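Engineer: Position 42 of the sequence shown, counting from 1, maps to 276 under this note's numbering, and the rest follow consecutively.
By construction, the Cβ of each residue, glycine as well, lies at the ideal position given by its N, Cα and C atoms.
Note that the structure is a prediction, hence the values are computed from the model and not measured.
Below is the structure I would like to discuss, written out as structure tokens.
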Amino acid sequence: MGWVELHNAAMEFGAEENYWYRGRSKQKNRIFLDAQLYSSLLPKIVSYSQVDLEAYGCRSDLIFNLIYRHIRKAARKNDEILWEFLTTVDTVETLVDQFQHSAFFIRDAQAPSFSKIQIHTIAKYGTWLIYREAKTPKEYLSAILWGFALIGLTKHLWSQQGVCEFCYRRTWPGKRFCEEHSQSQSDIINRSKNYMSYRTGKKAHLLVKKHKLTERVQGSAMLKQAISETAMCDLLFSALIDEEAKSDEKELIYHALSQSPRVLRRFREQSDISYEEYVALKYDSLISHLRKTLDPYELSNIGWPSKILAAEIWFTAEIKVSPGVRKNGRKTTARIAMAKKLFASGLTKSQIAAKLKISPSTISKWLVRKPEVKNEFREIDDVIFLD
Numbered sequence: 235m236g237w238v239e240l241h242n243a244a245m246e247f248g249a250e251e252n253y254w255y256r257g258r259s260k261q262k263n264r265i266f267l268d269a270q271l272y273s274s275l276l277p278k279i280v281s282y283s284q285v286d287l288e289a290y291g292c293r294s295d296l297i298f299n300l301i302y303r304h305i306r307k308a309a310r311k312n313d314e315i316l317w318e319f320l321t322t323v324d325t326v327e328t329l330v331d332q333f334q335h336s337a338f339f340i341r342d343a344q345a346p347s348f349s350k351i352q353i354h355t356i357a358k359y360g361t362w363l364i365y366r367e368a369k370t371p372k373e374y375l376s377a378i379l380w381g382f383a384l385i386g387l388t389k390h391l392w393s394q395q396g397v398c399e400f401c402y403r404r405t406w407p408g409k410r411f412c413e414e415h416s417q418s419q420s421d422i423i424n425r426s427k428n429y430m431s432y433r434t435g436k437k438a439h440l441l442v443k444k445h446k447l448t449e450r451v452q453g454s455a456m457l458k459q460a461i462s463e464t465a466m467c468d469l470l471f472s473a474l475i476d477e478e479a480k481s482d483e484k485e486l487i488y489h490a491l492s493q494s495p496r497v498l499r500r501f502r503e504q505s506d507i508s509y510e511e512y513v514a515l516k517y518d519s520l521i522s523h524l525r526k527t528l529d530p531y532e533l534s535n536i537g538w539p540s541k542i543l544a545a546e547i548w549f550t551a552e553i554k555v556s557p558g559v560r561k562n563g564r565k566t567t568a569r570i571a572m573a574k575k576l577f578a579s580g581l582t583k584s585q586i587a588a589k590l591k592i593s594p595s596t597i598s599k600w601l602v603r604k605p606e607v608k609n610e611f612r613e614i615d616d617v618i619f620l621d
């Protein structure tokens, strides 16, 4: 599966050429590749397999099969034990555990991060192994096999991801809830905290549903986008993405963040960066911070603007239902509504207090103790949940 994903990603990245034989009936349904670009995207694999791309007419299917057969033949001859393991392993845990105990799980300054929780790091590590220099052909063969296995594992996990039943976050494959709302029985230490998060999440979900915003928070479009071929392509060849394209995507993300004050506040707090550092973030660092802040299971690089807006709605709902956030009494609610109208008409705080037969200090207390009242006096639309 890993070789399938890597080959398809290279084709999606731009190596596909399906117009060479236009007009020739025998060739019209065949897919061809650009030999130069394909070789530049997968240089070591093409070199190791010794397949002459142009000798086979740059036929994508032929070249895919020839490279695979060469690697399979070499693996059975020179690394049969690893080949047998990788083609028969039946659990994610066994594969990851075996890899982390292998000589190819390298922990040095040059190696990328690797985390089972952050699925995208698995594929990135696999790609790094394939591109990495090896001392011998046998060592490189083993690196290719592990690289294919890790890329295939990422695709397997990715295709089984869901969206949390409460919020916008993705779940670990097969799970109903994200890490924030899971009540895992194995987490004994944080059981009370997890239960409170679950309760808050359930209430926030009902509030989102009440306001008919479920599709905007948990929309299926986000999930479909993440498992698309272009998303895997962007993940595997992220280092080769055009800088102009990165700049355009970064601009869209910053625009979404500018429209999402709660997300931006959490982003900067958890990232512990100043405003100047935030503005100067490189594209890859920005994506990394977003994963840490909003969703560690998000693989797609292009779905962040919609996810940011979904998170803003969700965080607003969480605030509304969080313990300690109480609604005003009927009398206070009526007074606040009248005070807002009077404020809009141009009256001062003292004049409003006289009209409502309350002290000016009462209005001051509303502004200090009740942030939502302060926002109403400023006539700031509280995103969506104004009652």
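(1) So the candidates are H439, Y374, H390 and C412; which of them puts its Cα closest to the Cα of T550?
(2) Output needed for E414: all residues of its chain with C-beta closer than 8 Å, excluding positions within five of it in sequence on either side, in chain order.
(3) Report yes or no: do the segment 487–506 and the segment 370–377 share at least 3 C-beta pairs separated by less than 8 Å?
(4) Report the rounded CA-to-CA distance for I592 versus S579, giving the unit in angstroms.
(5) Rounded to whole angstroms, what is the Cα-Cα separation between G381 and S540?
(6) Between which residues of its own chain and G248 is the CB-CB distance below 8 Å, once the five residues before and five after are set aside?
(7) Can you tell me where the alpha helix (DSSP H) holding M572 begins and where it ends?
(8) List in chain order: all unbroken alpha helix (DSSP H) runs of 4+ residues lying wholly within the segment 297–324.
(9) Return the first residue and the last residue of the alpha helix (DSSP H) that Y282 is part of.
(10) Apply the 10 Å Cβ neighbour rule to Y509 and answer buried if 16 or more other Cβ atoms are within range, or exposed otherwise.
(11) Which of helix, strand or coil does DSSP assign to E613?
(12) With a threshold of 16 other CB atoms inside 10 Å of the CB of S259, please say whether the residue is buried or exposed.
(13) Based on the DSSP output, what are the partners of F266 in its beta bridges?
(14) Should Y359 go down as buried or exposed, given a rule of 16 or more other Cβ atoms within 10 Å for buried?
(15) For a minimum of 4 consecutive residues, which ranges assigned as the alpha helix (DSSP H) are wholly contained in the segment 379–413?
(16) Quick one: measure Cβ to Cβ for M245 and G386, integer angstroms, because I've assumed they're closer than 8 Å.
(17) Could you name the residues of the same chain whose beta carbon sits closer than 7 Å to that of A320, not counting the 5 residues immediately before and after it, in chain order?
(18) Would G537 be called buried (16 or more neighbouring beta carbons within 10 Å of its own) or exposed?
(19) Quick check: I265 and S283, are their CB atoms within less than 8 Å of each other?
(20) Could you tell me the distance, in whole angstroms, from the CA atom of E532 to the CA atom of F348?
(21) Secondary structure at Y531, three-state DSSP: helix, strand or coil?
(22) Identify which residue in E478, T405 and F471 has its Cα closest to the Cα of Q452.
(23) Count the other C-beta atoms from every protein chain shown that fall within 10 angstroms of the C-beta of T355, then say buried if there are 16 or more, exposed otherwise.
(24) What separation, rounded to the nearest whole angstrom, lies between the Cα atoms of A514 and K484?
(25) Start and end of the alpha helix (DSSP H) containing R433?
(26) Tell me the DSSP secondary structure of F619 in three-state form.
(27) What is the DSSP secondary structure of D331, counted as helix, strand or coil?
(28) With a Cβ-Cβ cutoff of 8 Å, do I542 and S505 count as a contact?
(29) If A588 sits next to T596, beta carbons under 8 Å apart, how far is it from one beta carbon to the other, in whole angstroms?
(30) Identify whether S556 lies in helix, strand or coil by the three-state DSSP scheme.
(31) Within the continuous alpha helix (DSSP H) that includes G360, where are the two ends?
(32) Output the distance between the C-alpha atoms of E477 and P557, rounded to the nearest integer angstrom.
(33) How many Å lie between G396 and F411 at the Cα?
Structural biologist: Based on what the coordinates show:
(1) Working through the sequence shown from its first residue, we reach residue 550 at position 316. Of the listed residues, the one whose Cα sits closest to T550 is H439.
(2) Mapped onto the sequence shown, residue 414 falls at position 180. Result list for E414: C398, C401, R403, S431 and G435, in chain order.
(3) no
(4) Translated into the one-based positions of the sequence shown, residue 592 becomes position 358. Translated into the one-based positions of the sequence shown, residue 579 becomes position 345. One alpha carbon belongs to I592, the other to S579, and they sit about 18 Å apart.
(5) As a position in the sequence shown, residue 381 is number 147, starting the count at 1. As a position in the sequence shown, residue 540 is number 306, starting the count at 1. Rounded to the nearest angstrom, the two C-alpha atoms are 31 Å apart.
(6) Numbered from 1 along the sequence shown, position 14 holds the residue referred to as residue 248. D268 and L271, listed in sequence order.
(7) Indexing the sequence shown from 1 puts residue 572 at position 338. Looking at the DSSP string, the run of the alpha helix (DSSP H) that includes M572 is R564 to A578.
(8) Taking only runs of at least 4 residues, the alpha helix (DSSP H) segments lying wholly in the segment 297–324 are 314–322.
(9) Here residue 282 refers to the residue found at position 48 when the sequence shown is read from its first residue. Per DSSP, Y282 belongs to the alpha helix (DSSP H) from P277 to S283.
(10) As a first step, residue 509 must be located in the sequence shown, where it is residue number 275. Exposed, since its Cβ has fewer than 16 Cβ neighbours within 10 Å.
(11) Looking up residue 613 in the sequence shown gives position 379. Confidence at E613 is low in this model, with a pLDDT of 45, below 50, so the placement of that residue is unreliable and no value is reported for it.
(12) Mapped onto the sequence shown, residue 259 falls at position 25. With a pLDDT of 49 at S259, under the threshold of 50, the predicted position of this residue should be treated as unreliable, though the coordinate-derived value follows. Per the 10 Å Cβ criterion, exposed.
(13) By 1-based counting over the sequence shown, the position of residue 266 is 32. F266 pairs with E251 and R293.
(14) Position 125 of the sequence shown, counting from 1, holds the residue named residue 359. Answer is buried; the Cβ neighbour count reaches 16.
(15) none
(16) Here the question's residue 245 lines up with position 11 in the sequence shown. Here the question's residue 386 lines up with position 152 in the sequence shown. Taking the Cβ atoms as the reference, M245 lies roughly 17 Å from G386, outside the contact range of under 8 Å.
(17) One-based indexing of the sequence shown puts residue 320 at position 86. Per the sequence shown, residue 320 should be read as Leu rather than Ala. Result list for L320: L379 and A383, in chain order.
(18) For this step, residue 537 is matched to residue 303 along the sequence shown. Classification for G537: buried.
(19) Indexing the sequence shown from 1 puts residue 265 at position 31. Indexing the sequence shown from 1 puts residue 283 at position 49. Their beta carbons are not under 8 Å apart, which means I265 does not touch S283 by this criterion.
(20) The count along the sequence shown starts at 1 and reaches residue 532 at position 298. The count along the sequence shown starts at 1 and reaches residue 348 at position 114. Cα to Cα, the separation comes out at about 15 Å.
(21) As a first step, residue 531 is located in the sequence shown; it is residue number 297 there, counting from the start. Of the three classes helix, strand and coil, the one that applies to Y531 here is coil, per DSSP.
(22) Locating residue 452 in the sequence shown gives position 218, counting from the first residue. For the residues E478, T405 and F471, the minimum Cα distance to Q452 belongs to T405.
(23) Within the sequence shown, residue 355 is the residue found at index 121, counting from 1. Buried: at least 16 other Cβ atoms inside 10 Å.
(24) For the purposes of this step, residue 514 is taken as the residue at position 280 of the sequence shown. For the purposes of this step, residue 484 is taken as the residue at position 250 of the sequence shown. Distance between the alpha carbons of A514 and K484: 11 Å.
(25) Taking the first residue of the sequence shown as position 1, residue 433 is located at position 199. Where R433 is concerned, the enclosing alpha helix (DSSP H) stretches over R425 to K444.
(26) As a working note, residue 619 is residue 385 in the sequence shown. Reliability of the predicted coordinates at F619 is poor, the pLDDT of 41 falling under 50, and the value obtained from them is presented with this limitation in mind. Coil, per DSSP.
(27) The count along the sequence shown starts at 1 and reaches residue 331 at position 97. Three-state result, D331: helix.
(28) Locating residue 542 in the sequence shown gives position 308, counting from the first residue. Locating residue 505 in the sequence shown gives position 271, counting from the first residue. It is not a contact, given that the beta carbons lie outside the stated cut-off.
(29) In the sequence shown, residue 588 corresponds to position 354, counting from 1. In the sequence shown, residue 596 corresponds to position 362, counting from 1. 12 Å between Cβ atoms; not a contact.
(30) Numbered from its first residue, the sequence shown carries residue 556 at position 322. Coil, per DSSP.
(31) By one-based count along the sequence shown, residue 360 stands at place 126. Its alpha helix (DSSP H) spans residues I353 to Y365.
(32) Taking the first residue of the sequence shown as position 1, residue 477 is located at position 243. Taking the first residue of the sequence shown as position 1, residue 557 is located at position 323. Spanning the two alpha carbons is a distance of roughly 45 Å.
(33) Along the sequence shown, one-based indexing puts residue 396 at 162. Along the sequence shown, one-based indexing puts residue 411 at 177. Answer to the nearest angstrom: the Cα atoms are 9 Å apart.
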